[in-house]
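Taking my numbering as reference, the numbering of the sequence shown is continuous, increasing by one, and the terminal residue is 560.
Taking it in order: structure first as structure tokens, then the write-up.
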Amino acid sequence: MKITTWNINGIRTFRCGIKKTLDALGADIICVQETKVTRDLLDERSAIVDGYNSYFSFSRGRSGYSGVATYCKDSATPFAAEEGLTGLLTNHEGAVGCYGNHSAFTDEELQLLDNEGRAIITQHKVKCSDSIQTVTVINVYCPRADPEKPERKQFKLQFYKLLQSRAETLLKKGSHVIVLGDVNTSHRPIDHCDPSEIDDFEDNPGRKWLNSFLRDEKVSESTPEFLQDGQFVDTFRFFHPTRTGAFTCWSTLTGARQTNYGTRIDYIFANDQLAKEQFAEVDIMPEVEGSDHCPVWGALRCSLLPSSKPPPLSTCYLPEFAGKQQKLSRFLVKVEQKPRDPLPGSQDEGERRENINTLDTKRILNIDSAVQKSKKAKTVKTSSKQQGNLLAFFKPKNEKHLGLSEVGAQQKSSKAPPNQDGLLKQDGSGLVQEVSSQIHSSTQDEQQRTQTSNPHGSKGASLVFWKSVLHGPPPPPACKVHGEPCVLRTVKKEGPNMGRQFFVCARPQGHSTNKEARCNFFAWVDRGK
Ligand code: ZN
């Protein structure tokens, strides 16, 4: 049995074909977080995937925010499934149950904790050697504590406590339990690219909670077992206790993935016995792009026994999809649909990200070609069409006919890091700002114009013309350390500097000792020019 977790940062990550992506991940149970799909946005393509049954949790508040989903292969159909941790959202048969003691929470708190679409629980039967056992899979997207919203810190800790209570109750009632997803806290210094930059690293309440939830293998070797508070094992660390640089999340805002300046906040936790007796291997997949997180997978020795039909929470019973058959025509139709408009952003700036960047495209192309190699004619037919479109997006196809080679050259010389997004939290001078990268957006504009321009040409030529007529941005200075052209950014945060422009080193963010990473060059663009 193989299980995978991935914060996909929007279901659009699957836009090359959700079935192909799921198949390429190759797991029986695939848990995704931050779908940004709310009930109003759920479409048939995301909900009904041939060969899988799926379970969604939706934010009840904002549209296009948060959300988790679990996709199970038909050979891994769960026996029970439910949304949320509290049981308050469950008014149907086939729920998982074992809610635990909620006396530490008010009714209102419980309601709010399950209001943001952060948990899906599926319950499976597995065959371990000769016995049939139950494994409950809790797919979570734990809240992120926004430093500017102190009330969210408390919310995050309450979510952790509720999660722990549910997981431990299920365990106590005799099920194995896997808790996996985006936990939004790195555990140890080894799980963080620059722990010395964090004030009171060990005192962070999220880390303290992880210490209480998890067993500490190092402690257990030299100290009596009663010191091991937690009942769960961080399975990646169990298999790779000393591996450094094993990160699952990088800021796309600063291009930090290029220097592996990241954190490990996506986990597969399992109860001690399951981790030690059934898990065969766990690893991260940093090579898989398309999101600011990478997938994490775990392989277990036990094999899944599917239920004969999906439990009532399955999306196949939703009224708008019920009774529809799996048809080949669905695959053939979907490539002709226009991509959905960008979904509304997350609730705060720190979570806002660009979804279209070159990493996405690379990722899609990788998956496309990998899947194509292993697929037969019917899917090749659709995917080759998609790949053609993506290539057109990625680079100008008809350069020589269009006179667009100049545009291509400008793109190359801009030196903007490929995943430089429109936002940045901090610059080298210690100013904390939210800014937009004009270089990035103009590059993207050029790509889009290139993609949409008439193959016989006048638009491409007029682009070059207009670029020569209109004033472009001021020429960039060179940064002091690398001597390379800087990127121009604009302060977007409200305040006295809003709208002002400045230059910073164009390189991706990295550790302060990494000479290849962004230097601390910073210069305002003079006003009045
Ligand atoms: Zn530099």
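Every residue, glycine too, gets a C-beta built ideally from N, C-alpha and C.
The model shown is predicted, which means the values in this text are computed figures rather than measured ones.
C-alpha gap between residue i and residue j, whole angstroms
i, j, result
"F87", "D230", "37 Å"
"I299", "P527", "45 Å"
"F267", "V313", "5 Å"
"E515", "P317", "28 Å"
"C224", "G276", "7 Å"
"E199", "V166", "13 Å"
"R549", "M32", "42 Å"
"K523", "F270", "44 Å"
"D74", "S90", "15 Å"
"N38", "N242", "23 Å"
"N302", "Q195", "12 Å"
"L72", "P342", "22 Å"
"P539", "T35", "29 Å"
"C536", "P507", "10 Å"
"G57", "T294", "25 Å"
"G148", "H123", "17 Å"
"N84", "A100", "10 Å"
"D81", "D177", "38 Å"
"P326", "S162", "30 Å"
"A306", "P272", "14 Å"
"V168", "K546", "43 Å"
"S134", "C47", "46 Å"
"T108", "H513", "54 Å"
"L53", "I61", "7 Å"
"T21", "S160", "Because the chain in this structure spans residues 32 to 560, residue 21 falls outside the shown range and cannot be described."
"Q289", "P226", "19 Å"
"A353", "R76", "13 Å"
"F278", "F232", "17 Å"
"V319", "C280", "12 Å"
"G115", "V127", "11 Å"
"A509", "E139", "55 Å"
"F533", "W555", "4 Å"
"E182", "F553", "33 Å"
Sheet register partners of residue i (DSSP bridge)
i, result
"K104", "Y83"
"G293", "W281"
"L336", "K156"
"D314", "W328"
"V99", "Q64, S88"
"I151", "E114, N170"
"T35", "I61, W328"
"I221", "Answer is none; I221 lacks a bridge partner."
Continuous beta strand (DSSP E) stretch holding residue i: start and end
i, result
"L519", "518-522"
"Q64", "60-64"
"T244", "Residue 244 is actually Phe in this sequence, not Thr. Element bounds for F244: not the beta strand (DSSP E) but the alpha helix (DSSP H), 236-244."
"H207", "207-213"
"Y172", "162-172"
Secondary structure of residue i, DSSP reduced to three states
i, result
"D177", "coil"
"L202", "helix"
"L188", "helix"
"Y130", "coil"
"I49", "helix"
"G118", "coil"
"A548", "coil"
"T273", "coil"
"E525", "coil"
"I229", "coil"
"Y348", "helix"
"Q532", "strand"
"F553", "strand"
"D265", "strand"
"T216", "coil"
"A353", "coil"
"A135", "coil"
"A509", "strand"
Terminal residues of the alpha helix (DSSP H) in which residue i lies
i, result
"I39", "From DSSP, I39 is part of no alpha helix (DSSP H); its letter is neither H nor E."
"L144", "138-144"
"K75", "Note that residue 75 is Glu in the sequence shown here, rather than Lys. From DSSP, the alpha helix (DSSP H) with E75 extends over 75-78."
"L305", "303-308"
Contact belief for residue i with residue j at Cβ below 8 Å, rounded distance in angstroms
i, j, result
"D213", "H324", "7 Å"
"I210", "V171", "Looking at the sequence provided, one finds Val at residue 210 rather than Ile. The pair is a contact, with the Cβ atoms about 7 Å apart (cut-off 8 Å)."
"S94", "T69", "5 Å"
"L331", "F310", "6 Å"
"Y130", "H542", "About 44 Å separates the two Cβ atoms, so there is no contact after all."
"S322", "F110", "With a Cβ gap of about 30 Å, S322 and F110 do not count as contacting."
is_contact[residue i, chain C] using C-beta, thresh 9 Å
i, result
"L336", "Protein chain content of the structure displayed is limited to a single chain, and chain C is not contained in it."
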